[in-house]
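This note's numbering numbers the first residue of the sequence shown as 14 and each following residue consecutively.
Just so it is clear, CB atoms sit at the ideal spot from N, CA and C, and this is done for glycine as well.
Heads up, the thing below is written out as structure tokens.
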Amino acid sequence: MPDSGRSEKIRNILNYIAFIAMMVFYAGTWTFPWFYHVTEIYNTLIIFGCLAILFIANVDIREKIRERDVMLPVLGVTLLIAIINLFLIGSRKGCILIIADFLMILYLAPEIRITKAQRKMLEIFFLIMFVSWFIYDRAFSYNSNTGATVTVFTFFGAMVLLQSIAAKKEIYGFLIVISFVRVITLVFWHLARGAFFALVLFIFFYYIFPKGWWKHKKIYTGLMLFSTLGSLLFVGAYVLIGSTGYNIKLPFFYKNVFSGREQIWLEVWDILKTQLLTGIGSGRELKSFFEYNIHNAMYDILAVHGLIVFAGSLVIIWNRLKKAAEAVMIDNRKKLCAIAAVFAIFIESFIDMDLMWADYSPLLLFLLLTVFEKEEGTPGRLEENG
């Protein structure tokens, strides 16, 4: 939407509409199980509608053409090829919304002009959502793994505001301590491996990972490559080791290290290797699992949409993660908290699909908006007016 053609007020109204719709969706999904089950088949469409509003409000296509913005055509061509592939292989078409939502979030994050009022609204929302789970564990209203994961992920969102509060007055650091205690207790209570893995990764990246390393180009690039291509290397190594018959029990958890994912990934590869360019689409019946769930975000993009779409997706992901590196160059605890959570979700998605699951999309967008937030009223930056 050109700034000269439409007022800031209209853009802010559209932003509010999209953000509020996302908050209603996230709150409904993770507060009322009946809402979750009703909207489950529409979740990708709901998120796509919100992202479309944000795109209209914040992206001036003519200006992007004049600026020779490479990422916009990469996004368009990648999604176009994905759609063509689905028709070529006769796959279900709805899966296009999964990758469209994910790539649009990445593309839009540095482009969205967010006001202080909008930012504060989102910060308070995720804190309230975490407090609601802190007080009342609804995990078994969904399933134990999902319940623990949404608690951990919502905690990531809440930490953006919690660390700001603690930074102003040290005594409020006890809020973070009791939050960690509650989250860790819940994760172990529900024996949720993925949620525990994500939480450990966040703790490592935010509290242990040397802050200077975020500014070190080679280290950051290595982390970026590991979080994406490393996901596929993990699949290969996991399948290879699992095929030897080696296995051990995970301490504190009820499952073995190799508990079935190696069978899913190997079966998918046996199909994929014959149609690597177009992918195998969605909705297939697997012998190794009761539903078509690949349990690895990067592998899912490659398997469902093929090598060309995977390459285009990597271009967008790497471009945005590189921009994120520039954003966290300054010593800002809020940004470090958000980027630590983003990388934790990327790596946790070596063993699950949470990075691309629409029900978590509002959180991912919020974290990325926090990373790219700046003080000037320019694309992807915080504006003074509310």
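Next item on the list: Spell out the partners DSSP gives Lys-262 in its beta bridges.
Entry: The sequence position of residue 262 within the sequence shown is 249, counting from 1. Answer is Asn-269, bridged to Lys-262.
Next item on the list: Drop a sphere of 10 angstroms on the beta-carbon of Tyr-305, count the other beta-carbons inside from all chains shown, and report buried for 16 or more, exposed for fewer.
Entry: Sequence index remark: in the sequence shown, residue 305 carries index 292 (1-based). Buried is the call here.
Check: Can Glu-280 and Leu-253 be called in contact, C-beta distance under 8 Å?
Finding: Translated into the one-based positions of the sequence shown, residue 280 becomes position 267. Translated into the one-based positions of the sequence shown, residue 253 becomes position 240. Going by C-beta atoms, Glu-280 is not nearer than 8 Å to Leu-253.
Note to self: Counting beta carbon pairs with one atom in the region 80-92 and one in the region 134-141, are three or more of them shorter than 8 Å?
What the structure shows: no
Notebook entry, point to check: Below 8 Å between beta carbons: does that hold for Leu-188 and Ile-178?
Noted result: In the sequence shown, counting from the first residue as 1, residue 188 sits at position 175. In the sequence shown, counting from the first residue as 1, residue 178 sits at position 165. Cβ atoms of Leu-188 and Ile-178: closer than 8 Å.
Checklist line | Among Met-36, Leu-242, Ile-329, the one whose alpha carbon lies nearest that of Met-117 | finding: Taking the first residue of the sequence shown as position 1, residue 117 is located at position 104. With distances taken between Cα atoms, Met-117 lies closest to Ile-329.
Next item on the list: Measure how close the beta-carbons of Ala-310 and Leu-236 come, nearest whole angstrom, since I'm counting them as under 8 Å.
Entry: Numbered from its first residue, the sequence shown carries residue 310 at position 297. Numbered from its first residue, the sequence shown carries residue 236 at position 223. So it is not a contact: roughly 16 Å between Cβ atoms.
Next item on the list: Label Trp-202 either buried or exposed according to how many other C-beta atoms from any shown protein chain fall within 10 Å of its C-beta, with 16 as the threshold for buried.
Entry: Looking up residue 202 in the sequence shown gives position 189. It counts as exposed.
Note to self: Please give the ranges of any alpha helix (DSSP H) in the region 332-394, keeping only runs that are unbroken, at least 4 residues long and fully inside the region.
What the structure shows: 346-361, 374-385
Checklist line | Spatial distance of Met-14 from Arg-274 (CA atoms) | finding: To locate residue 14, count along the sequence shown from 1; it is residue 1. To locate residue 274, count along the sequence shown from 1; it is residue 261. Because Met-14 carries a pLDDT of 45, less than 50, the predicted location of this residue cannot be relied on, and the following value inherits that uncertainty. The straight-line gap from Cα to Cα measures roughly 44 Å.
Note to self: Starting from Gly-249, trace the alpha helix (DSSP H) in both directions and tell me its first and last residue.
What the structure shows: Counting from 1 along the sequence shown, the entry for residue 249 is found at position 236. From DSSP, the alpha helix (DSSP H) with Gly-249 extends over 230-255.
Next item on the list: Evaluate Tyr-267 with the Cβ neighbour count: other Cβ atoms within 10 Å of its Cβ, from every protein chain shown; 16 or more gives buried, anything less gives exposed.
Entry: Within the sequence shown, numbered from 1, the residue matching residue 267 stands at position 254. By the neighbour-count rule (16 or more Cβ atoms within 10 Å), Tyr-267 is not buried but exposed.
Check: Where Leu-315 and Met-366 are concerned, what is the direct C-alpha to C-alpha distance, given to the nearest angstrom?
Finding: For the purposes of this step, residue 315 is taken as the residue at position 302 of the sequence shown. For the purposes of this step, residue 366 is taken as the residue at position 353 of the sequence shown. One C-alpha to the other measures close to 13 Å.
Note to self: Rounded to the nearest angstrom, what separates Tyr-49 and Ile-141 at their Cα positions?
What the structure shows: Taking the sequence shown and counting its residues from 1, the one referred to as residue 49 is at position 36. Taking the sequence shown and counting its residues from 1, the one referred to as residue 141 is at position 128. Cα to Cα, Tyr-49 sits roughly 19 Å from Ile-141.
Check: Would you call the region 312-327 and the region 291-298 touching, i.e. three or more CB-CB distances under 8 Å?
Finding: yes
Next item on the list: Give every residue of the same chain whose Cβ lies closer than 8 Å to the Cβ of Phe-143, excluding the five residues on either side of it in the sequence, and list them in chain order.
Entry: Position 130 of the sequence shown, counted from the first residue, corresponds to residue 143. Around Phe-143: Thr-164, Thr-167, Phe-168, Gly-170, Ala-171, Ser-192.
Margin query: As an exercise, report each continuous alpha helix (DSSP H) stretch of at least 4 residues that is fully enclosed by the region 28-109, in chain order.
Written below: 46-52, 56-71, 74-79, 84-102
Note to self: If I measure Cβ to Cβ from Ala-31 and keep anything under 6 Å in the same chain, skipping five residues before and after, which residues do I get?
What the structure shows: Within the sequence shown, residue 31 is the residue found at index 18, counting from 1. Cβ neighbours of Ala-31 beyond the five flanking positions: Cys-63, Ile-66, Leu-67.
Notebook entry, point to check: When the distance is taken between beta carbons, is Val-384 closer than 8 Å to Ala-340?
Noted result: As a first step, residue 340 must be located in the sequence shown, where it is residue number 327. As a first step, residue 384 must be located in the sequence shown, where it is residue number 371. Yes; because the gap between Cβ atoms is below 8 Å, this pair is in contact.
Checklist line | Beta-carbon proximity check, Leu-380 vs Ala-354, cutoff 8 Å | finding: As a first step, residue 380 must be located in the sequence shown, where it is residue number 367. As a first step, residue 354 must be located in the sequence shown, where it is residue number 341. Contact flag set, yes.
Item checked: Local Cβ density within 10 Å of Asn-56, reported as buried at 16 or more and exposed below that -> The count along the sequence shown starts at 1 and reaches residue 56 at position 43. Buried: at least 16 other Cβ atoms inside 10 Å.
Item checked: beta strand (DSSP E) runs contained entirely in the region 270-340, provided each spans 3 or more residues -> none
Note to self: In whole angstroms, give me the CA-to-CA distance for Asp-73 and Asn-25.
What the structure shows: Here the question's residue 73 lines up with position 60 in the sequence shown. Here the question's residue 25 lines up with position 12 in the sequence shown. Approximately 15 Å between the Cα atoms of the pair.
Notebook entry, point to check: Which of the three DSSP states, helix, strand or coil, is assigned to Leu-199?
Noted result: As a first step, residue 199 must be located in the sequence shown, where it is residue number 186. Looking at Leu-199 - three-state DSSP - the assignment turns out to be helix.
Check: By a C-beta neighbour count over all protein chains shown, 10 Å radius and 16 as the cutoff for buried, is Ser-78 buried or exposed?
Finding: Start at 1 with the first residue of the sequence shown, and residue 78 comes out as number 65. Looking at the sequence provided, one finds Ile at residue 78 rather than Ser. Exposed: under 16 other Cβ atoms inside 10 Å.
Notebook entry, point to check: Roughly how many angstroms separate the alpha carbons of Lys-348 and Val-248, rounded to a whole number?
Noted result: In the sequence shown, the residue the question calls residue 348 occupies position 335. In the sequence shown, the residue the question calls residue 248 occupies position 235. Taking the straight line from one Cα to the other gives about 30 Å.
Notebook entry, point to check: Do Tyr-155 and Pro-223 have their C-beta atoms within less than 8 Å of each other?
Noted result: Reading the sequence shown from its first residue, position 142 is the one you call residue 155. Reading the sequence shown from its first residue, position 210 is the one you call residue 223. Not closer than 8 Å, so no.
Checklist line | Contact set for Trp-331: own chain, Cβ-Cβ below 8 Å, skip 5 residues either direction | finding: Position 318 of the sequence shown, counting from 1, holds the residue named residue 331. Within the same chain, Trp-331 has close Cβ partners Met-237, Thr-241.
Check: Which residues bound the alpha helix (DSSP H) around Asn-158?
Finding: Counting from 1 along the sequence shown, the entry for residue 158 is found at position 145. Residues 157-181.
Check: Of the choices Phe-302, Leu-175, Leu-174, Ile-112, whose alpha-carbon is the least far from that of Phe-61?
Finding: For the purposes of this step, residue 61 is taken as residue 48 along the sequence shown, with counting starting at 1. That would be Ile-112, whose Cα lies nearest to the Cα of Phe-61.
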